[in-house]
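**Student:** The structure's right below; bear with me while I get my questions together.
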Amino acid sequence: GFLRSADTSYLAGPDDIYVSPTQIRRFNLHTGDTIEGSVRVPKDNERYFALVRLDTINGDHPEVCRHKILFENLTPLFPTEQLKLERDLKSEENLTGRAIDLISPIGKGQRALLVAPPKSGKTVMLQNIAHAVTANYPEVELIVLLIDERPEEVTEMSRSVRGEVVSSTFDEPAQRHVQV
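For the sequence shown, the numbering used here begins at 4 and goes up steadily by one.
If you want it as structure tokens, here you go:
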């Protein structure tokens, strides 16, 4: 397996780090795990850096994660804490948050899907939501997922949002959209 970087939206690249099948089995590693450890430079016949020691998996000691429950097997729960999107601003950006709070409140840990025709303001709305979440809840880890978007929209979102932006653009194959 390979460790991919969020900087490249988890696309394969020359800077990927090789993880041996033995380490994957030993530590019960799965796609999406965040790993910290030591790497070594490629040897003569190797192309990639290789992971030689695992220090943490998803922020925990590797032994703790050996017996983790897979995401697919977790019990889904309704959110118990609402994310208030309204802020003390006198701008249009605050109106978006206030409207969402009233019409369709968002809870902590909840996912949301925004489907709308092109040029209808989806990206601006997502940016407003992201700005409100990071301003009102600095402890929240924000991940914005953009699928089949224009490259300019992805660039704008990456530059304006304090959080991780994972994306695929309209010029990429459908398989990449599914992978993301």
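Quick reminder that beta carbons are idealized off the backbone N, C-alpha and C, glycines included.
Everything numeric in this text was worked out from a predicted model, so none of it was measured.
1. Smallest Cα separation from Tyr144: which of Gly124, Asp174 and Gln113?
2. Less than 8 Å separating the beta-carbons of Leu14 and Gly40?
3. Shortest alpha-carbon distance to Asp91 belongs to which of Thr99, Asn48 and Met128?
4. Give every residue of the same chain whose Cβ lies closer than 7 Å to the Cβ of Ala133, excluding the five residues on either side of it in the sequence, and list them in chain order.
5. Return the CA-CA distance between Ile60 and Cys68, expressed in angstroms with no decimal places.
6. Look up Glu96 in the DSSP assignment and say whether it is helix, strand or coil.
7. In the DSSP assignment, what residue or residues form a beta bridge with Val167?
8. Do Ile38 and Leu6 have their C-beta atoms closer together than 8 Å?
9. Select from Asp36, Leu77, Pro121 and Val42 the residue whose C-alpha is nearest the C-alpha of His64.
10. Please return the same chain residues whose Cβ sits closer than 7 Å to the Cβ of Ala135, not counting the five positions on each side in sequence.
11. Which ranges would you report for the beta strand (DSSP E) in the stretch 35 to 89 if only whole runs of at least 3 residues count?
12. Assuming Arg153 and Thr137 are in contact, meaning their beta carbons sit under 8 Å apart, how far apart are those beta carbons, in whole angstroms?
13. Can the beta-carbon of Ile27 be found closer than 8 Å to that of Tyr51?
14. Please classify Glu156: does DSSP put it in a helix, a strand, or coil?
15. Alpha carbons only, please: which of Pro24, Ser23 and Ser8 is nearest the one belonging to Pro17?
16. By how many angstroms is the C-alpha of Val44 removed from the C-alpha of Ala119?
17. For Asp10, name the three-state secondary structure that DSSP assigns.
18. Using only CA atoms, which one of Val42, Gly62 and Lys71 lies nearest to Val55?
19. In chain order, what residues of the same chain lie with their CB nearer than 6 Å to the CB of Asn31, ignoring the 5 residues before and after it?
**Tutor:** Reading off the structure:
1. One-based indexing of the sequence shown puts residue 144 at position 141. Sequence check: residue 144 is Glu here, not Tyr. When the alpha-carbon of Glu144 is set against those of Gly124, Asp174 and Gln113, the nearest one is in Gln113.
2. Counting from one through the sequence shown, the residue named residue 14 turns up at place 11. Counting from one through the sequence shown, the residue named residue 40 turns up at place 37. Contact check for Leu14 against Gly40 fails: the beta carbons are separated by 8 Å or more.
3. As a working note, residue 91 is residue 88 in the sequence shown. Here the closest residue by C-alpha is Thr99.
4. The residue given as residue 133 occupies position 130 in the sequence shown. The beta carbon of Ala133 is closer than 7 Å to those of Leu145, Val147, Val164 and Gly166 in its chain, skipping five residues each way along the sequence.
5. The sequence position of residue 60 within the sequence shown is 57, counting from 1. The sequence position of residue 68 within the sequence shown is 65, counting from 1. Distance between the alpha carbons of Ile60 and Cys68 is about 7 Å.
6. The residue labelled residue 96 in the question sits at position 93 within the sequence shown. Helix, per DSSP.
7. Counting from 1 along the sequence shown, the entry for residue 167 is found at position 164. Looking at the sequence shown, residue 167 is not Val but Glu. According to DSSP, Glu167 bridges with Ile146.
8. Looking up residue 38 in the sequence shown gives position 35. Looking up residue 6 in the sequence shown gives position 3. Yes, the Cβ-Cβ distance between Ile38 and Leu6 is below 8 Å.
9. Here residue 64 refers to the residue found at position 61 of the sequence shown. For His64, the closest of Asp36, Leu77, Pro121 and Val42 by C-alpha to C-alpha distance is Asp36.
10. If you number the sequence shown from 1, residue 135 lands on position 132. Leu88, Arg90 and Gly100.
11. Segments of the beta strand (DSSP E) lying fully in the stretch 35 to 89: 38 to 43 and 52 to 60.
12. Taking the sequence shown and counting its residues from 1, one reaches residue 153 at position 150. Taking the sequence shown and counting its residues from 1, one reaches residue 137 at position 134. Their Cβ separation, rounded to whole angstroms, is 23 Å, which puts Arg153 and Thr137 out of contact at 8 Å.
13. Against the sequence shown, residue 27 aligns to sequence position 24. Against the sequence shown, residue 51 aligns to sequence position 48. It is not a contact, given that the beta carbons lie outside the stated cut-off.
14. Along the sequence shown, read from residue 1 onward, the residue named residue 156 stands at position 153. Reduced to three states, the DSSP call for Glu156 is helix.
15. Locating residue 17 in the sequence shown gives position 14, where the first residue counts as 1. Checked all of Pro24, Ser23 and Ser8; the closest Cα to Pro17 is Ser8.
16. By 1-based counting over the sequence shown, the position of residue 119 is 116. By 1-based counting over the sequence shown, the position of residue 44 is 41. A straight line joining the alpha-carbon of Ala119 with that of Val44 spans about 46 Å.
17. As a working note, residue 10 is residue 7 in the sequence shown. Helix at Asp10.
18. For this step, residue 55 is matched to residue 52 along the sequence shown. Nearest C-alpha to Val55: Val42.
19. As a first step, residue 31 must be located in the sequence shown, where it is residue number 28. Closer than 6 Å at the Cβ level, and outside the excluded window around Asn31, lie Arg69.
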